[in-house]
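A.B. asks: Handing you this structure, nothing more for now.
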Amino acid sequence: MRLPLTRRFALLDVFAKSPLEGNQLAVVLDSEGLSDERMQAITREFNLAETVFVLPPEKPGHRAHLRIFCPAYEMPFAGHPTVGTAVLLALETFGAEAAGQDAVFVVEEKVGDIRCVVALHSGKAGHAIFDVPKQSARVDAEIDDAALAAMLGLEPSQLGCENHRPSVYSAGVPYLLVPVRDLAAITRARPVIQNWKNALPEGVGSVYLYTRETTTNDHQFHARMFWLGEGIIEDPATGSAAAAFAGAIAAFDQLPSGTHRFVIEQGFEMKRPSLISLEVDIENHTLHASRIGGDAVLIARGTLDI
């Protein structure tokens with residue numbers, strides 16, 4: 004009879020300062036020896052949008068190698084798993100002395116190496132910001148506004164925000180980015196399942212809605228993300244979508260050279276308020292670099308006896 008192996012795991016709420024807000028994340032800290040199939044099965048067991056498996060780094064000097072799984076498949080890159088795992092790894096490093104400590108390290112994901120900077124607030128919470136490893140680029144796609152509006156339960160006149168138009172951008176994961184007129188429109192939006200496939204461009208599975216009208220004047224965008232995957236319809240905070248959104252902001256707003264900072268609010272309609280920080284560096288009207296940041300709070304630790 005094979006004895007079970009004990010593997011430590013943690014649960015965190017990401018892009019939030021307080022527990023029970025933001026986006027939920029499971030991180031398995033002791034993942035050596037797990038097959039791809041086993042990681043996928045554990046992810047389905049947690050039944051969250053994403054689960055991270057921490058492995059020893061492949062390159063000397065890096066902190067860890069991360070595998071990120073959704074319930075149905077592996078992701079090459081994701082924002083809230085990167086932020087949450089970075090905070091957790093810093094907490095693991097400093098232990099009881101965590102409060103007030105800072106850390107800088109590199110984690111490995113399928114999309115590439117990612118530099119993370121972490122500032123710990125306490126033994127259970129911190130803030131992480133990471134360099135987006137692949138800059139957002141526009142993906143050529145045919146978009147039918149009427150079909151898109153029908154997919155979202157909106158009128159075509161509610162699409163568009165100033166000069167922003169629906170587009171597809173990717174920073175490792177492609178998103179159909181949909182600007183809408185105001186908070187009333189984005190709150191009204193609902194995915195109409197029977198119209199979903201007719202409106203999505205080929206190769207795109209997720210829709211990121213945004214508007215400039217926000218709940219408070221110190222935030223710059225309000226967003227929602229719909230994704231019909233394994234029973235998950237809406238995501239409360241989507242860092243990879245914010246990374247893709249950087250390309251749309253740079254293109255549509257024609258930002259001048261320099262660093263520009265934005266706060267994106269998401270998850271409010273789900274009662275999981277989340278705040279995502281996005282920094283973009285522009286050189287000669289071109290996106291040169293971008294960073295995603297946010298808070299994460301540890302809510303539970305445990306072991307898997309598998």
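All residue numbers for the sequence shown refer to the numbering used here, where the first residue is 4 and numbers rise by one.
Cβ coordinates follow ideal geometry from the N, Cα and C atoms, glycine included.
(1) Just verifying my parser: in three-state terms, what is the DSSP assignment at Val114?
(2) Would Gly98 count as contacting chain C if we go by Cβ distances under 7 Å?
(3) Could you tell me which residues DSSP puts in a beta bridge with Ala226?
(4) For the structure I just gave you, are there three or more beta carbon pairs, one from the segment 272 to 287 and one from the segment 88 to 103, closer than 8 Å?
(5) Going by beta-carbon coordinates alone, are Thr219 and Val183 separated by less than 7 Å?
(6) On a CA-only basis, which of Met42, Lys113, Leu23 and Pro74 is nearest Ala67? Give me that one, please.
(7) Do you know offhand how far Trp230's Cα is from Ala19's?
(8) Count the other C-beta atoms from every protein chain shown that fall within 10 angstroms of the C-beta of Ile295, then say buried if there are 16 or more, exposed otherwise.
(9) Can you check which of these residues, Leu301, Ser260, Gln269 and Arg304, is closest to Val283 by C-alpha distance?
(10) May I have a chain-ordered list of the alpha helix (DSSP H) segments no shorter than 4 residues that lie completely inside the segment 50 to 101?
(11) What residues in its chain sit with their C-beta under 7 Å from that of Ile189, if we drop five residues either side in the sequence?
(12) Determine the direct distance from the alpha carbon of Asn50 to that of Met4, and round the result to whole angstroms.
(13) Which parts of the segment 104 to 168 are runs of the alpha helix (DSSP H), unbroken and 4 residues or longer, counting only runs that do not cross its ends?
(14) In whole angstroms, what is the alpha-carbon distance linking Val121 and Phe265?
(15) Counting C-beta neighbours from all protein chains within 10 Å, is the total for Gly36 16 or more, i.e. buried, or is it exposed?
(16) Using 8 Å for Cβ pairs, my map puts Gly242 next to Gly25. What's the rounded Cβ distance?
(17) Ile132 to Cys119, Cα distance in whole Å?
(18) Please state if the CB of Pro74 and the CB of Thr46 are separated by a distance shorter than 7 Å.
(19) Roughly how many angstroms separate the alpha carbons of Val210 and His288, rounded to a whole number?
(20) When the Cα atoms are used, what is the spatial distance from Glu158 to Leu151?
(21) Looking at the unbroken beta strand (DSSP E) that takes in Asn26, where does it start and where does it end?
(22) Relative to the C-alpha of Arg193, which candidate in Ala153, Ile146 and Gly175 has its C-alpha closest?
(23) Among all the DSSP beta bridges, which residues are the ones paired with Val283?
(24) According to DSSP, simplified to helix, strand and coil, what is Ser170?
(25) Could you please give the first and the last residue of the uninterrupted alpha helix (DSSP H) stretch that includes Leu186?
(26) When the Cβ atoms of the segment 136 to 148 are set against those of the segment 48 to 65, are three or more pairs found closer than 8 Å?
(27) Look up Ser277 in the DSSP assignment and give the residues it is bridged to.
(28) By how many angstroms is the C-alpha of Val110 removed from the C-alpha of Lys62?
(29) Distance check for Arg168 and Arg141, CA to CA, integer angstroms please.
(30) Consult DSSP for Asp16 and reduce its assignment to one of helix, strand or coil.
(31) What do you get for Asp221, buried or exposed, if any count of 16 or more other CB atoms within 10 angstroms of its CB means buried?
(32) My assumption, with CB atoms under 8 Å, is that Thr54 sits in contact with Thr306. Please give the rounded CB distance.
C.D. replies: According to the structure shown:
(1) Under the three-state reduction of DSSP output, Val114 falls in the coil class, being neither helix nor strand.
(2) Among the protein chains of the structure shown there is no chain C, as only one such chain exists.
(3) Partner(s): Tyr213 and Gln269.
(4) Contact fails: fewer than three Cβ-Cβ distances are below 8 Å.
(5) In this structure, Thr219 keeps its C-beta atom at 7 Å or more from the C-beta atom of Val183.
(6) For the residues Met42, Lys113, Leu23 and Pro74, the minimum Cα distance to Ala67 belongs to Lys113.
(7) Looking at the backbone, the Cα of Trp230 and that of Ala19 are separated by about 21 Å.
(8) When all chains shown are included, Ile295 counts as buried.
(9) Answer by Cα proximity: Ser260.
(10) Here the runs fully enclosed are 82 to 97.
(11) Answer for Ile189: Val183, Leu212, Thr214, His225 and Arg227, listed in chain order.
(12) Any reading at Met4 must be qualified, since the residue scores a pLDDT of 41, below 50, and its modelled position is unreliable; no value is offered.
(13) The qualifying runs are 148 to 155.
(14) Across the structure, Val121 and Phe265 are spaced so that their CA atoms are roughly 19 Å apart.
(15) With a 10 Å radius around the Cβ and a threshold of 16 neighbouring Cβ atoms, Gly36 comes out exposed.
(16) Not a contact, Cβ separation roughly 11 Å.
(17) For the pair Ile132 and Cys119, the Cα-to-Cα distance works out to about 6 Å.
(18) Yes; because the gap between Cβ atoms is below 7 Å, this pair is in contact.
(19) Using only the alpha carbons, I get a separation of about 26 Å.
(20) Here the alpha carbons of Leu151 and Glu158 stand approximately 9 Å from one another.
(21) Here the beta strand (DSSP E) through Asn26 covers Asn26 to Val31.
(22) When only C-alpha atoms are compared, the closest one is Ala153.
(23) Per DSSP, His263 and Ser293.
(24) Here Ser170 sits in strand by DSSP.
(25) Taken as a continuous stretch (DSSP letters only), the alpha helix (DSSP H) holding Leu186 covers Leu186 to Arg191.
(26) The segment 48 to 65 and the segment 136 to 148 do not touch, with fewer than three beta-carbon pairs separated by less than 8 Å.
(27) For Ser277, which the question treats as bridged, DSSP gives the partners Gln269.
(28) Rounded to the nearest whole angstrom, the C-alpha separation of Lys62 and Val110 is 10 Å.
(29) For Arg141 and Arg168, the distance between alpha carbons rounds to 13 Å.
(30) Strand.
(31) Exposed.
(32) With 8 Å as the limit, Thr54 and Thr306 do not qualify as a contact, their Cβ atoms being about 15 Å apart.
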